[in-house]
Amino acid sequence: MQIGVPKEILAGETRVAASPKSVEQLIKMGFDVVVESHAGELASFDDASFEAAGAKVVSKDDAWASEIIFKVNSPIIDSEKGVDELALMQDGATLVSFIWPAQNPELMEQLSSKNINVMAMDAVPRISRAQALDALSSMANIAGYRAVVEAAHEFGRFFTGQITAAGKVPPAKVLVAGAGVAGLAAIGAAGSLGAIVRAFDVRPEVKEQVQS
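Going left to right, the sequence shown walks through residues 1 to 212 as our numbering numbers them.
The following block contains the structure:
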């Protein structure tokens with residue numbers, strides 16, 4: 001059975017759905033893996049690294065013709081730009097991707113019309129036995145950390161308190177809205193930079209997680 005990894009075409013997207021390391025693991029499990037040329041370029045994985053892992057580097061059409069498709073973003077359909085990734089998939093194929101089914105009912109109908117089997121990575125439950133598949137939490141963790149780094153850059157001074165020759169500088173006060181995976185990562189990052197951190201969430205059960 002062949003797994004195809006096409007290049008992501010969403011504007012600003014730098015991720016790729018498989019790394020050379022994960023390709024090695026898939027091949028050990030008995031899958032054939034094909035990767036679209038330059039698919040990993042923006043993620044710092046060149047074609048040679050995928051070939052060294054055992055994958056075959058192919059054209060866009062050949063990657064999409066696989067029985068199983070690994071993607072980061074859902075298939076893009078844009079008639080104005082002449083883009084239709086769904087049309088490139090064979091009927092009855094399997095798609096493993098972030099899909100957001102509730103937000104994309106029209107896409108779900110189109111996938112259903114081609115008998116596409118969909119594994120929505122954004123719908124993987126946050127339970128211990130599914131932890132290895134929880135790509136959404138991994139991305140949220142990075143997003144929370146990145147949010148604090150960006151905020152610190154824009155803030156214009158230290159997050160931590162400082163005593164300088166010019167006087168005392170108080171620590172920054174940071175409010176994190178939401179204490180999910182991204183929020184908890186932001187709380188930890190801001191705290192490690194020395195800020196006074198407060199958080200808000202509508203769920204009372206996350207109080208202990210925030211305080212820890």
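Virtual Cβ for every residue (Gly too), placed ideally from N, Cα, C.
Because the structure is a prediction, the values reported are computed rather than measured.
Original post:
Which same chain residues, not among the five before or five after Ile45, have their C-beta less than 7 angstroms away from its C-beta?
Top reply: Locating residue 45 in the sequence shown gives position 45, where the first residue counts as 1. A small fix is needed here, since residue 45 is Phe in this sequence, not Ile. If we look at Phe45 and ignore the five residues flanking it on each side, its Cβ neighbours are Val16, Ser19 and Pro20.
**OP:** For Ser223, name the three-state secondary structure that DSSP assigns.
**Re:** Summary: the structure shown does not reach residue 223, with the chain confined to residues 1 through 212, and so no result is reported for it.
**OP:** Please state if the CB of Gly144 and the CB of Gly188 are separated by a distance shorter than 9 angstroms.
**Re:** Here residue 188 is taken as the residue at index 188 of the sequence shown, counted from 1. Here residue 144 is taken as the residue at index 144 of the sequence shown, counted from 1. Yes. Within cutoff.
**OP:** Would you kindly work out how many angstroms separate the C-alpha atoms of Gly191 and Leu136, rounded to a whole number?
**Re:** For the purposes of this step, residue 191 is taken as residue 191 along the sequence shown, with counting starting at 1. For the purposes of this step, residue 136 is taken as residue 136 along the sequence shown, with counting starting at 1. Spanning the two alpha carbons is a distance of roughly 23 angstroms.
Original post:
By how many angstroms is the C-alpha of Thr164 removed from the C-alpha of Leu95?
Top reply: Translated into positions along the sequence shown, residue 95 becomes position 95. Translated into positions along the sequence shown, residue 164 becomes position 164. When rounded, the separation of the alpha-carbon atoms in Leu95 and Thr164 is 57 angstroms.
Original post:
From Arg157 to Glu13, what does the alpha carbon distance come to, in whole angstroms?
Top reply: The residue you call residue 157 lines up with position 157 of the sequence shown. The residue you call residue 13 lines up with position 13 of the sequence shown. Approximately 30 angstroms, taken between the alpha carbons.
Original post:
Within this structure, are the beta carbons of Lys7 and Ala53 separated by less than 9 angstroms?
Top reply: In the sequence shown, counting from the first residue as 1, residue 7 sits at position 7. In the sequence shown, counting from the first residue as 1, residue 53 sits at position 53. The Cβ-Cβ distance between Lys7 and Ala53 does not fall below 9 angstroms.
**OP:** Kindly give me the distance between the Cβ atoms of Pro171 and Ala195, rounded to whole angstroms, as I take these residues to be in contact under 8 angstroms.
**Re:** Looking up residue 171 in the sequence shown gives position 171. Looking up residue 195 in the sequence shown gives position 195. Their Cβ separation, rounded to whole angstroms, is 6 angstroms, which keeps Pro171 and Ala195 in contact under 8 angstroms.
Subject >> Simplified DSSP state of Leu175, which is helix, strand or coil >> reply: The residue labelled residue 175 in the question sits at position 175 within the sequence shown. Per DSSP, reduced to three states, the secondary structure at Leu175 is strand.
**OP:** Reducing DSSP to helix, strand and coil, say where Ala199 ends up.
**Re:** Position 199 of the sequence shown, counted from the first residue, corresponds to residue 199. Note: Ala199 maps to strand in three-state DSSP.
Original post:
Which residue spans inside the region 73-121 form an unbroken alpha helix (DSSP H) run of at least 4?
Top reply: Taking only runs of at least 4 residues, the alpha helix (DSSP H) segments lying wholly in the region 73-121 are 105-113.
Original post:
If you count every other CB in all the chains shown that lies within 10 Å of the CB of Ala166, and 16 or more means buried, which is it?
Top reply: Numbered from its first residue, the sequence shown carries residue 166 at position 166. Within 10 angstroms of the beta-carbon of Ala166 lie fewer than 16 other beta-carbons, which makes it exposed.
Original post:
Thinking C-alpha only, which one of Leu10, Asp61 and Ala11 is nearest Val34?
Top reply: On the sequence shown, position 34 is the one that residue 34 refers to. Of Leu10, Asp61 and Ala11, the smallest CA-CA separation from Val34 is found for Asp61.
**OP:** From the DSSP output, in three-state form, read off Glu67 for me.
**Re:** Against the sequence shown, residue 67 aligns to sequence position 67. Coil, per DSSP.
Original post:
Tell me which same chain residues have a C-beta within less than 6 angstroms of the C-beta of Val181, skipping the five on either side of it?
Top reply: Residue mapping note: residue 181 aligns to position 181 of the sequence shown, counting from 1. In chain order, Ser137, Ala140 and Asn141 place their CB closer than 6 angstroms to the CB of Val181, counting only its own chain and leaving out the 5 sequence neighbours on each side.
Original post:
So Ile76 and Ala93 are in contact, right, with Cβ under 8 angstroms, and what is the actual spacing, rounded?
Top reply: The residue labelled residue 76 in the question sits at position 76 within the sequence shown. The residue labelled residue 93 in the question sits at position 93 within the sequence shown. Contact doesn't hold; Cβ gap of about 16 angstroms is too wide.
Original post:
Out of Ala55, Glu85, Gly82 and Arg203, which has the shortest C-alpha to C-alpha gap to Gln25?
Top reply: Within the sequence shown, numbered from 1, the residue matching residue 25 stands at position 25. Ranking Ala55, Glu85, Gly82 and Arg203 by CA distance to the CA of Gln25 puts Ala55 first.
Original post:
Among Phe155, Asn117, Ala43 and Ala199, which one has its Cα closest to the Cα of Ser97?
Top reply: What you label residue 97 is simply residue 97 of the sequence shown in a count that begins at 1. Relative to Ser97, the option among Phe155, Asn117, Ala43 and Ala199 whose CA is nearest is Asn117.
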